[in-house]
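What follows is one structure encoded as structure tokens, with my remarks underneath.
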């Protein structure tokens, strides 16, 4: 238990709280489903868009936009009668000092985004030939890929490949390259993504992102005539303190805590409205609608808005690390929501028991996760809303922090830069061959990037699920305890 959260994570007291009468579970769930709406949630989205607008276009960790978003959230929760805990979260980040590129002989500026925790170029940058190995499914994965494309002393441009960027950069370094420019192949070739170097020691060269369109164009140029590039990528480590914001019902059993969360921060390039203000707003609206009944629920409900998720789940990991074994055991389940109203949405429910998705690679979640999944899929099925199962690690988000300590998990996301297939378009509607969210991590992720009807559907689904578990977690605990 962290010092910032002394009362909400009190000692376990078995049997505290009222026993729900038969049918009460469905009544509360249906009441919340009716009272929560996408229209009300969109009011919060407008507030968070304004926070980004006055904060330089972003709500990223450490930005004025995040601080304004947090203030708005706290004011609404306190106004509804919740006791709010603002848990300090220390973080480290990579501050970019320079990310510039110019090609010659055309003297054209190139947009580059230095990867977080990438090595820097020398002061003043580098001036080098630009080369592009032939593209296939494993480009840059083997030393032989450079037999026909000499990389010694050059900057290499290529797509992320099947072997992973760490292998690609190491192979490029073995071939003598001085830096790597990489792009993510997507259905939107003008998009650009600032990625993470998860282990800085594993990457020996400076690395930055470029757009697919530029990379493919310049690769063709290099096959006709030499192209050089002046590349300056420099950054340094910074530290700071952000916050998690938590609120819980005044009533309910302390040994049967239902947690639901969504991250509040965006990446630095955008206001982050679909990712992830939509889920944060739906969660806030659910909390506000539950507030008048917060002393009457059977199981304690704890709402969480995470800080620094875009720095790789820093806020939720910090929270979970502060829990004792007894406090972890008291959390019956954790629900996580991401990107719930993209313009070309899907509906992907976390596959808790790994039983109905042949493409999963992470295996089942902690015991009890299958029961959570069945409740969520049962809701969507009963409302005639199509969905697909998703591998637990199919999207990196805060549910992984809970999975890693054995807490049952569940949740939903709407898809990111994956391409919607024809089969998925038939299932969900929308455009086959396009991304689920064409504005994912792009400046265009604003309030204009929200599918209003899907926001309404998923906000009501979230509210229903929280209401259901607020009264009944017996199925989850039976599965959890029966497997332990």
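In the working numbering, the protein residues as written are -15 to 468. Virtual Cβ for every residue (Gly too), placed ideally from N, Cα, C.
Point to revise | Backbone secondary structure at residue 302 - three-state DSSP | key: Collapsing the DSSP output to three states places residue 302 in a helix.
Practice item. State the DSSP-derived secondary structure class of residue 371, mapped to helix, strand or coil. Key: In this structure, residue 371 counts as coil in the three-state DSSP scheme.
Practice item. Would you please verify whether the beta carbon of residue 11 is less than 8 angstroms from any beta carbon of chain B? Key: Chain labels in this structure do not include chain B; a single protein chain is all it has.
Check your understanding: What three-state label does DSSP hand residue 151 in the structure shown?
Key -> DSSP, read as helix, strand or coil, puts residue 151 in helix.
Exercise for review: Within the same chain, show all residues whose beta-carbon is closer than 7 angstroms to that of residue 441, passing over the 5 residues directly before and after it, in chain order.
Suggested key: The beta carbon of residue 441 lies closer than 7 angstroms to those of 369 in the same chain, with the five residues before and after it left out.
Review point. What residue does the beta strand (DSSP E) around residue 469 start on, and which one ends it?
Key: Any question about residue 469 goes unanswered here, given that the chain covers just -15 to 468.
Point to revise | Sheet register partners of residue 419 (DSSP bridge) | key: Paired residue(s): 403.
Review point. Which residues in the same chain as residue 5 place their Cβ atom closer than 8 angstroms to its Cβ, once the five residues preceding and following it in sequence are excluded?
Key: Bear in mind that the predicted position of residue 5 carries a pLDDT of just 38, short of 50, making it unreliable; the figure below should be weighed with that in mind. Within the same chain, residue 5 has no close Cβ partners at all.
Exercise for review: Just confirm the distance between the C-beta atoms of residue 124 and residue 152, as a whole number of angstroms; I'd bet it's less than 8 angstroms.
Suggested key: Right, their Cβ atoms sit about 4 angstroms apart.
**Study point:** residue 182 burial status per 10 Å Cβ neighbour count (16 or more: buried)
**Key:** Classification of residue 182: exposed, given that the 10 Å Cβ count is below 16.
Check your understanding: Would a C-beta distance cut-off of 8 angstroms place residue 360 and residue 391 closer than the cut-off?
Key -> No, the pair does not count as a contact, with Cβ atoms beyond the cut-off.
Point to revise | Same chain only: Cβ atoms within 7 angstroms of residue 157, ignoring 5 sequence neighbours per side | key: Excluding positions up to five away in sequence, the list reads 188, 189.
Practice item. Would you mind stating whether residue 163 and residue 139 have Cβ atoms separated by less than 8 angstroms? Key: Judged by beta-carbon spacing, residue 139 lies within the 8 angstroms limit of residue 163, meaning their Cβ atoms are closer than that value.
Check your understanding: Which of the three DSSP states, helix, strand or coil, is assigned to residue 283?
Key -> Residue 283 falls in the strand class under three-state DSSP.
Check your understanding: What does a CB cutoff of less than 8 angstroms around residue 461 pick up in its chain, not counting 5 residues either side in sequence?
Key -> Here the set comprises 240, 316, 352.
Exercise for review: Within its chain, find whatever has a CB closer than 7 angstroms to the CB of residue 382; leave out the 5 residues flanking it on each side and keep chain order.
Suggested key: Cβ within range, chain order: 245, 247, 290, 293, 297, 300, 320.
Practice item. Give me whichever residues DSSP pairs with residue 289 in a beta bridge. Key: BP columns for residue 289 point to 229, 246.
Check your understanding: Distance, Cα to Cα, residue 49 vs residue 21?
Key -> Distance between the alpha carbons of residue 49 and residue 21: 25 angstroms.
Check your understanding: In this structure, what does DSSP give as the bridge partners for residue 142?
Key -> In DSSP, residue 142 forms a bridge with 166.
Practice item. Please report the Cβ distance between residue 282 and residue 454, rounded to the nearest whole angstrom; I am assuming they are in contact, meaning their Cβ atoms lie under 8 angstroms. Key: Under the criterion of beta carbons closer than 8 angstroms, residue 282 and residue 454 qualify as touching, at roughly 7 angstroms.
Review point. According to DSSP, which residues form a beta bridge with residue 215?
Key: Partner(s): 85, 110.
Review point. Taking Cβ to Cβ, would you say residue 266 is nearer than 8 angstroms to residue 324?
Key: Going by C-beta atoms, residue 266 is nearer than 8 angstroms to residue 324.
**Study point:** Beta-carbon spacing of residue 198, residue 94 below 8 angstroms
**Key:** Cβ atoms of residue 198 and residue 94: closer than 8 angstroms.
Point to revise | Residues near residue 88 in its chain [Cβ-Cβ closer than 8 angstroms; skip 5 each side] | key: Excluding sequence neighbours, residue 88 sits near 211, 212, 213, 214.
Exercise for review: Under 8 angstroms by Cβ, that's how I've got residue 178 and residue 253 pegged, so tell me the actual separation to the nearest angstrom.
Suggested key: Rounded, the Cβ-Cβ distance is 6 angstroms, consistent with contact.
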